Every structure is written in C-alpha cells, then in structure tokens.
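Protein sequences appear in the order of chains A and B. Residues in the first sequence are numbered from 229 upward in steps of one, following the working numbering. Residues in the second sequence are numbered from 6 upward in steps of one, following the working numbering. Heads up, the beta-carbon is just placed ideally off N, CA and C, and yes, glycines get one too. Being a predicted model, the structure only gives us computed values, none of them experimental. These notes concern the structure reproduced below.
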Amino acid sequence: MTLTELYDEIARCNRCGFCQVACPIFRSTGHEAGVARGRVALLRALIEKRIDWSNDLEEPLFACLLCGSCTANCFPKVATADLIIAARQEYLDTVGRSGAHRLLFTRLLPYPERLRLAAKTVALSQKSRLPKLARALGLLRIFGRDFPRSLDILDDFPLRAFRERFEPGILPGYGHGLSIAYFVGCGQDIMVPDSAERSLDLLRGQAETVRILPNVCCGLPARAYGDLRAARDLARQNLEILFRYEFDVVVSDCSSCASCLKKYPELFEPGDPGHSMATYLAERTRDILQLFPEAERLEDLPDARRTATYHDPCHASRGQGLVKEPRKLLKSLPGLEYRELPEADWCCGGPGSYALGHYDLSRSVLERKIANIEKTGAEVVYTSCPACLIQLRYGLKLFSLPVQAEHIAQAIPAAASAAPAAQSLY
Amino acid sequence: MPETFLSELQTAVGKQNVATAATDTEVYAYDASLARGSPGIVVFPADTGEVAAVVRAARRAQVPFVPRGFGTNLSGGSISAPDGLVICLSRLNRILAINPKRRTALVQPGVTNLELQNALAKEGFFYAPDPASQKVATLGGNVGENSGGPRCVKYGVTKNHVLGLQCVLEDGDILQTGGETFDFAGLDLTAVLIGSEGTLGIVTEAIVKILPLPESLVTLLAVYDDVSHAASSVAQITGGGIQPSALEMMDAPVMRAVEESYPCGYPLDAAAVLIIEVEGPLAGLRTQADRIKEICRLNGCRSIDEARDAEQRDQLWAGRRGAFGAVARLAPNYLVADCTVPRTELPRALAQVADIAGEHGLEHGNVFHAGDGNLHPLLFFDSRDTDQLARVKQAGWKIMEACAALGGTITGEHGVGLEKLEAMRMVFSEEDLAVQRAVRNAFAGKGLLNPGKVIPEPANGPAQASAAKPEIEPTEGTGFAPMDAIEACQAVSWAHSQGKSLFPCCSGSSVTSLQQTDQVLQLSSTNLSGIVDYDPPNQVITVQAGLKLESLQKTLGQHCQWLPLRPGRFSSSSLGGLVASNDGGPERLRYGSLRDLVLGMSWIDAHGSQLRAGGRVLKNVAGYDLTRLMVGSAGSLGFITQVTLKVTALPEATRSVNAEGSLETIAAASSRLLISRLEPTLVVAIQMSSSTDLWRLTVGAEGFTETVDVQMDGIKELLEQSGLQPGEVCEYPYLTGPDLSPGNSCPDRSRGLRADVPLDRLADLAARVRRELELTDIELDFGCGRLLAGLDHLTQEQSQSLESLVRSHEGCMRLVEALPGSPASFARSETDEATAKALMRRIKQALDSDRLFAPEVPFGLASTHDEVPA
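Right under this line is the structure:
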C-alpha cells in the first residue's frame, strides 16, 4: 500500500509517547526520529507535504529494527513496523536503492549455491588475511559504510554449508504419523550448520519422514528492506519449490523464516494464484518452538547441569506469539536451571542485514542485551533465530562474557529426539 | 540566524549532536499536545556545561530556545518558537546518587520517572510523584510542570518532594537552589522554578526527597452505574480522615478503549469506576479499606472488590496509565482539560463538562485524579477536521470557565504552556500577571527562554502608569494597624509617597528584628484576624494574616480538624508571622512544613495593589508559585493579608515513647527508624545535661489508633535492638505535641540557633557544636535534619565559626534574635551561593525596588554596601 492509503492508520498516533519505553534504538540515541512516534510523524509529514522524499529519510526509515516493541506498548496498536516497510518501499521507488542491496536480493538470495560460494569466499579469506586487505582497499564499502566493521561479526564462517553435508531430499524419521518439510533458512544453512543438524535430528524424532527442502531465501531481508518486489519473487520461487512435494507441515528452526513464511499471503494480491498457495503454506508452517517433545519424555535423560537463560527473537515473540513454548521446554529439562532474562524480548540489534548499515546502533542495542545476560549469571543463552544467535555470539565475545550462545534445539540432548512432539500439529 | 551560530553550537556539543535537517526539526515540532511549532535547530548537550554553552550561544545570536525531555508535555510547553533552538536533554540521563540515609536522590533531568522509581525500589524506597506518563515522562519535565500523579492525593506534588535544583539561567549562569536539607536559607527559588514550565531556567540536576516504601497496600475497584454516585463518593472518602494513596476515576468510554487495547479487568457495562488504594503500615489498612467499602456502598456503588494479587493490581494500573493512549481507538486525537475543582463540586463539574461537550457536538470521556478534584475530560476528535478542531477548543475554554467558577483552577498539573495562556485571566487579575512577569524578568529574562508561554502578554499594551492611590496616615508611635485590606493598601501608598519603609508585625511581635523609627514603621495585622472562608468537607480554610494560630486551631477543632503545625516557642504567633518565617516543629516529617500547607495567599505589594497567588486546591500549576516565594520571605516582598491553608482531620491517636542514651546510640537508632517502614511522625532528641553525653530521644506516631498501637510496638522493638531502653508509651496533646522540655522551648534565651543539615550529618554537627561552642539546650530533630539551640552570647567570631561549621556539614543556618518582651524574630538567613543571592536581589528589586518592605532583612536582599553586620 502507498503511504497515502495508510493515512488513517498513521493518523491514529496521538503522540502519547509510550513507544519510547521499549524501543532499543530510542534508548540508545534519545532522538525522536529513532522511535515510532517520530517515524510515524515523518510519514504523516510526507503525506501532508511538509517534507519531501530525500536522503535525510534514510536514517529514520532504515535504522528501525522492525522489532515491534513499539506496537506492543502502543494502546491503539499503530503497526509501525508495517508502516515502515511500506515507507521503505516507497523510498526505494522514489529516492532510489543501493546497488549492493539490489545485488544481494536478485543475484544472491535466489541462488543458494551462489550464496554458499560467496560465504565460502568470505570464510576462506577470513582464514587468510584477505579481509584486512580488502578493507584497506575500501572494497567492502560497496555494501555500505559499516560493512567492513560488521564483517567482524561473522567470525567463524564454516566451510561446509548444511545442505552440502545433507543433500536436499527425503530422510526417514524415528517417529510416526507426520511428514515434515524442513525449510532451511540461509542462516542455518550457511552460518550455523551445526545447529541445523541438531534441529534435523529433533525433527526426525517427531516425524515419519523429513524432507530437506531445496528452498531459497525466505525473502525476509528483502521484505524488511522494503523491496517488496524482490520479496515476492523469492516467495514465488519458494512456493513453486514447495508445491512439488507432499507434506503435513513445513517447519523452520529459524523464527525469522517461520514468521516470514506465515506472512507470505500479505505479499500477494488476492487475485494472484500465489495468494492461495501462500495461504495454504502459511497455515501449515510451524516454528520449531511449536514442536518440542513432551516434558515427561525427558525425564530419564542424563543430567548435564547448566544454568541457562533465553532471548526471545522478535520474530518469535511478537512475530508469532511464541513466548511460553521455549520457556516451558527449558524449565522442563532436567539438569537445566532456567533463569529469566531481564528485557528478554528486547531486540538484540542484529536483524539480518541491519548491522551491515547501522553498526553503531546495532552495537549499542547489543550492549544492553549482553549486560542483561550478564545479570542472570547463566552459562548459556538459548534462542531460536540464527541471526540472533550470531549477534549474541558476537556480543559475548566483544564484551568478553564467558557465556555460550546456542540454538534452543541444542538444549535437548540427542536421546530425547526420539520423543514425539508435545502438541498436536493439526 | 547568524552563520556563526551553527558552528558555535557544533563546537559546544559536537557536530553529530546538532540536527538541522527537515526530518529532524519535523520530529521536534510537536509534543503530546495539539500544538505545533517549527524549530530551526535541535541540539543534544551531554552535561550542564554544554547546556550553558549552548544557552550562551543562543543568547548571543538572539535565538529563542526551549528545553525538552521526551516531549510528553500536554499543554504545548515544549513547542519551539519559529526557527527556535530545541535543547533536548535526553543525554543527561543518569541517576547520580541515591542516599537512603538522607532520604534524598540526585538525578539528571533526562531520567524517566519510572527509571527512578525502579532504581529506588531496589533500595526499598520510592519517589512520591508518579504521573500516569511515568514510563516516558522525564524528571526534568516533572519539575517543569510540577507534575502530580495518582499518589499525590496522599503525598503531594513534585514541589513537595524536590529539595534543590541546579539549572542554567537564560544568561548562561548556573544556579544552585536548595540542597539536601529540608529547609534552606533565603527565598524559595526552588519552588518558583518548579512548575515554571521551562521559562525561568533549564534544570540540569535535581535533588529529590525519597521515602521508604510502605509496608503494605490494598487496591479496591468500585463499580458504579451512575457517574454522579462515583463522584459523590470521593469527597466522603477523603473527608473521613482516610488518606487514600490513590483515588482515580474512569468512565465508560475510556474503559472501553482500554479494554480493547489490553484486557485489564475493567467492566464494560458500568458507567464509572473508582480505583482506590490505601497504603502504609499493615495494621489498620484493613479497617480503612472496610470504611471505604462502606462509604462507596452508601453512595450506591454496584460492587467493590479488592485486587486479588500484585498481578491484578498491575493490570488495573496499566490500564489506567495507558488510558490517554488507548482513546486513540475511539478517535485519533483528544483535547484534555486539566481543571481542578474542590472535591465536593465533582458531581456538578462532571455534569457541566458533559453538557458542554454535548453542546459542541463532541464525544468525551473522563479519566482523572478524583481524589484531589483534578479532572481530565477528554474531548475526542480528528485534528484533520478543522471544524471539529475549532469546536473542541471552544469546549475546552468553556470547561475551564466552568471549573474556575466552581472555585477551582484552570490547570492542575499539565501546565499552562501555550494552550491555556489566555485562560490565565480566568484566575488572575492584570496586576497579578504583571507581578509574575516581573518575577520572570528577574530571572535574567530577555524573552529568549521559552517565550510566549505561561504568562499572557499585557492586555492593553505596556503597563499603564498607576493612578494616584488613596492614603491613610500612621498612628504616632505605633505605625499602622489597618482594619482591612483596603486600609493596608492605603498604608502602603502612604509609605510609598513619603519614601518611608514598613515592616510587618502582629501584636507587637515581628519576624524581623526591626524596631519602629521615623523611617521604618510598623504595619500590623492585629486587626486582620478573621476567618474568611472555612470549607470543612474540602479541608481548606482561608484566614486573615493576623489570626493567631491558637485561635485557628480552636475553630478547626470544632470540626475535628487541625492545621498540622507545632511551632513550639512560636505558637502564639499569627498565621502571617508563621508563614513569613516558615517556622514549625518535628511533625514536619509527616505533615510537611508551611510551604506544603499553604495553598494560596493574598498580599499587598510595594505599589499598594492587592495581589493573589495560588488558590484553594492543592493541584494548581497556573502561573509561577509566588505563594511559596512569599512563605519564609520574612515580610520583605509584601504584606500578607490572607492565607489559604490545607487542613486535615484530627489524628485519632498521638503517642510517643522516650529512651535515653549517648548521642551516638540515639543517632544510630534514629537513622534506623527513618529507613524503616514504621513511618514515625516525629523523631527528636533533647540534650539532658550540658556536662554529660546524655540525650533523650522521643519518637512519636500519629493517626488511626489501630495503626499507631502497632507502630509504637515496632518503634519500641527497634529502639531495644539499638541498645536503648524505651519507657512507657504515652499520649500527648495533638496541639502541642510531646513535652520536649527542657529543650529549646524556654523563652529566656536571647538568641537561638537553627541549623538545617542533611539527615546523616546532624549527629556530628551536634557533637561539634557542643564541644567547640559550648551550646546548651540543644534539640535535634532527626526526622528533618534540624538542630535548635539556645545561646546567651554570641561574638562575631563565634558566629562565623558556627556558620562555617554548619556549612562544612552541607547545611545552612539561621540565628534567631529574641527582642526583650518579644517571643521571636529572626535575624539572618543567607545563602552563600552567589548566583542565587544575586537572583534573590533581583527578585526583591523587581517586586520592591524602593525597598519599602522590611528594608533591613538581610537575606542578601540588600545591596552590598548596605549589608547588615552580624
């Protein structure tokens, strides 16, 4: 929708300012343009023609984490994140888009093999001294001013992607009844394949068969960026892939992907065939958080005394309303002492490509999150999104906190994988 | 805007903290009100120094500027003048210190109210003013607006909980007012600044008072099918001696909006609800809650239930606090009126509001602080519809008129800002406004600091030359004793035309040390000794200044009420005298001082005009707080003719217990008492003998018998744990308090010393004063950090030594001179803070340039070459 069509929604902000409470960006900068009230005011000013589309809008529009904390605190529930995405789309059409992003969304994300190749290049060059050289040559700046620094975040690029270790295809499970299609997100595939292996095991324990899909990027980076066309193309591609197969549910162990898949219908006009396909898919999409084994089955597992806490990814808590499930699991694991994280559902500052363009803000938001983790005294922090996972690991290293960050699937020891799912999936 | 201005700003705060793009100024053009401005630049200074640098740059460039927190202002106070500079204080966001032993905290203005509450809660303390916007409103904003909140029905407003401020004045000078003491020297600049809406100075630090968290609380939700029944319950609850810590009302439209946003537990089929809380020591809370339930039922409530647990209570409050935001579901915008009316007028006020809204074709809802009569009718509309906008403004105006006519005021806590500028004339005369303008100009004003707010421009252009006023002649030898305010004006006119001076007194005693001469004559309030208006159900009384305290208490006693003030040796003074000197006793720990009890005042100024400030209600932020400026001003700014006071129900029980021990033991016990949740009313120690280290500690508690009994048990236990042997609990008369003799009540001494220091420095000061100066009859008010002592002789050297001793204990002192045959007066109360002193002189100059009033009162009000020697 264009901004003008969203005028009524925008006008519903009566400037009470409550969005300031939990906005990590506002807490960092103290600047009105960095909080929902200000961003919405700018959109209103655009519609009411007090300001023009210009580069000055880039920071207010693109420095938003889209974490949704504002709306969670907003009594009239102004859906700021959605308004920002719509505005970004209009910005890209009006002011222009960066070539590098275009590259990413149309030349890399739709092609998993290219992505893996790019990742390998980075991995290899990290092990050599190439990043420093490239930095020195200023090459990496094509991806954005902050890209060189943010590369530090991706410290340990594994050499083999998940879907190189496990070819896409069908695998037998140890359970009964379900046929699961495993949607492998770029994060899991390329950056934290060990975690994906764990998830696969868990899924096999819940199902009769698990199919590792040859899916492409779910499209969230493009969608968040405001490039809704690219996002729709990626969605169409995935729908086409998915509909080749039979499955009961599609599961993702990346909360961002899961949330994105559940919102696929919003990308298509009602008349478009993609819309009904997307709706079919969305109804059958599950986050792995919704598939944990029953508590009773975990009783006779070996003790592995650990104190743990949990960070809610924005796309799990606000994106899908999955807050109780991970806590229920962690509290039920024997040998695990659960401690609640202060401001657990505050964004970690690392949504997808955000850090690439906004290193300082990302870092400042991360600092708050790490300080909170330290307060718990936990040895490990679990989460359900690889983007968060990477960001947390980076933060823990940066601030020298001897805490592990792991995907929550890794909390369940291997033996438990044989237990069937806790909830009905129908 | 000069070109150098921008680069000066960049130098002052750093380039990245100066914002000029359209996208920046657009988001600083609004606050939470309906007003809109168009700033030119926004800066983000990091500390006081940078704020001062920015202010100086703006002054050089003649650019108007306005301070801002997080922009939740509801009256347009944060709106910039066209192309003005916005000074955003979001980076001054630290809590600098929390001192439970002193009951103080030091904070920067960019800290939100809730951040402070959360930090204090970890220490077991809280900060009383809790505006509904506390999650996002900053303390700087709270100070600027004199914010209230649900809890202020019991504890008072921001002004009653701020002890001192640091601010940057319009000329870039840094002003420190007050300190970590509960009283201070000189004029009450702190009070003038609080509620000045950012027009007198930019606050960069605040010293706030903190209180121990109460032991327990009970939350009640009373549901009504008729709004007027809910409204009439309110005055009865507060009138019965119960002090609820919250008494809020919400009506159907607002509850609907809230429940749609988050289910909070509000009924969707009721006309209105009251949220009522009582808190304090556990003993007696149940009885209070039961009494409240009874009152509500007698007033026709459908049901009244207690919150089951903390979660349910939190939900109810989340709904209440989110109400203003929630109503955006009903309509995109609202105009919120902020009038206060006497509680007994609530039903009428609400009915009138409903009529006015209806007449203008507007939907409305109510969510407000019923307990102090502070209404918040919300008129719903869409600001994109200009016709609706016009009607809404008219309705808002009519509502203010209606409430002012009911004896209330136009703004209880949201401020005048831009929005209510013209409405100021509903409650102030042109002369009143002229005096407020004069005070503003004394604050180094060139009209650049947040111009166009609070005080409207003069009605008929520049002030006219005052016509010759009628005069009367003094009586030979005794000066003036006017029979009414008119005569008092005439006396002043005479003095003015003759170039003479006057000093206030009553029945021969005065707060100044002046004596009648040819040049300086008495102006006595002896004949102004009547009661002007007594409103027992609303617990407020207006009296003439010459009325004696004893007489006042007698009248109040007939309605089972009293003025909670025990000024000890000054008990035979008049109200005017007490107000001018701000005397009081250790009960101040619980009830506050006269500064907290005076709601309004009338006085005669140096031009012979009758002026008014304040009003009849506690929640009142219309204009500058000249009432409090006058309290403690020792007759140097005007002649007080009338005072409006907040009175309270007689305490059911007044009990105390004594224990004797060394100074160290007594002090330690007192410190523990003041951090505990026992809520003592007074904690005082008397020196038993000048030769040994033996002191007698008296701890008192006042209130409901049930509560006081348990409090006394707790107090005795604590004293025992501190190594003392408490005696028997005994009663004392409420009017005079416990017998503290041989303390400072003896009138023989010709001089008295009063020193105010932070609570944790008192014992040490006492020890030093005993040792080095051999003072006797020392009385230590541990609850308020005050030392009182009697002395016969005081050399110049001793006086200076005392002063530096007190100062080294972070306090201030006042010497009291007793003239022969006269019980009391004071001689000296000076601050050593240069900027403050200069400002006090400018205020005096602005209000009394000819030094007509009390010319020799040495506040530092005289100019240097006139300084009165010790």
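Here the alpha carbon of B/Ser-661 sits roughly 14 Å from the alpha carbon of B/Arg-595. Chain-order list of chain A residues neighbouring B/Phe-386: empty, with the shortest C-beta distance near 11 Å, by a criterion of under 7 Å.
Of all alpha-carbon atoms in B/Asp-538, B/Tyr-33, B/Gly-129 and B/Leu-623, the one lying nearest the alpha-carbon of B/Gly-413 is that of B/Leu-623. From the beta-carbon of B/Thr-77, the residues of chain A found nearer than 7 Å are Gly-245. If you draw a straight line from the Cα of B/Ile-460 to the Cα of B/Pro-509, it comes to about 30 Å. Within a 10 Å sphere around the beta-carbon of B/Lys-458 sit 16 or more other beta-carbons, which makes this residue buried.
Shown here for B/Asn-304: same chain residues with a beta carbon closer than 6 Å to its own, the five before and five after excluded, namely His-234, Ser-237 and Ser-238 in chain order. At least 8 Å separates the beta-carbon of B/Val-112 from that of B/Leu-125.
For A/His-404, the secondary structure class from DSSP, reduced to helix, strand or coil, is coil. Looking at the DSSP output, B/Ser-308 bridges to B/Val-228. A residue is called buried once 16 or more other Cβ atoms fall within 10 Å of its Cβ, and B/Leu-273, having fewer, is exposed. Within chain B, the residues placing a beta-carbon under 8 Å from that of A/Cys-302 are Gly-330, ordered along the chain. A distance below 8 Å between beta-carbons, with the five flanking residues on each side excluded, links B/Trp-700 to the following residues of its chain, in chain order: Glu-665, Gly-666, Ser-667, Leu-668, Ile-671, Ala-690, Ile-691, Gln-692, Met-693 and Leu-785. When Cβ-Cβ separations below 8 Å define contact, A/Asn-242 makes contact with chain B.
Against chain B, a Cβ distance below 7 Å from A/Leu-285 picks out Thr-28.
At a Cβ-Cβ threshold of 8 Å, B/Phe-130 and B/Arg-96 do not count as neighbours. Put simply, the CB of A/Ala-273 is near chain B, with a gap under 8 Å to one of its CB atoms. Non-local beta-carbon contacts of B/Asn-338 in its own chain, meaning distances under 8 Å to residues more than five positions away in sequence, involve Leu-39, Phe-385, Phe-386, Asp-387 and Ser-388 in chain order.
B/Leu-194 sits away from B/Ala-772, with the two beta carbons spaced by 8 Å or more. When rounded, the separation of the alpha-carbon atoms in B/Val-332 and A/Thr-257 is 29 Å. Using a 10 angstroms sphere on the CB of A/Ile-398, the tally of other CB atoms stays under 16, which defines it as exposed.
For A/Ile-618, no CB of chain B lies under 8 Å from its own CB, so it is not counted at the interface with that chain. When DSSP assignments are scanned along the segment 580-627 of chain B, the uninterrupted stretches of beta strand (DSSP E) that are 3 or more residues long and fall wholly within it turn out to be 603-609 and 615-619.
Between A/Cys-613 and A/Ser-484, the C-beta gap is smaller than 8 Å, which places the two residues in contact.
Around A/Val-249, the beta-carbon contacts reaching into chain B at under 9 Å are Thr-117, Leu-119, Lys-140 and Val-141. Remark: C-beta atoms of B/Gln-566 and B/Leu-687 do not approach each other more closely than 8 Å.
As computed with DSSP, B/Asn-104 is found in a beta bridge with B/Thr-109. Selection A/Leu-564, A/Leu-594 and A/Leu-561 evaluated against A/Glu-571 yields A/Leu-594 as nearest (Cα-Cα).
The Cβ atoms of B/Val-32 and A/Leu-270 lie closer than 8 Å to each other. Proximity to B/Tyr-629 across B/Asn-663, B/Gly-450, B/Asp-437 and B/Ser-809 peaks at B/Asp-437, based on C-alpha coordinates.
Residues of chain A with a Cβ closer than 7 Å to the Cβ of B/Asn-338 are, in chain order, Asn-242. Here B/Tyr-132 is buried, its C-beta having at least 16 other C-beta atoms within 10 Å.
Following the DSSP letters along the chain, one finds A/Ser-592 inside the alpha helix (DSSP H) bounded by residues 587-604.
DSSP links A/Val-477 through a beta bridge to A/Ile-408.
Nearest to A/Leu-343 by alpha-carbon distance, out of A/Cys-247, A/Ile-418 and A/Tyr-622, is A/Ile-418. The DSSP-derived three-state label of B/Arg-766 is helix.
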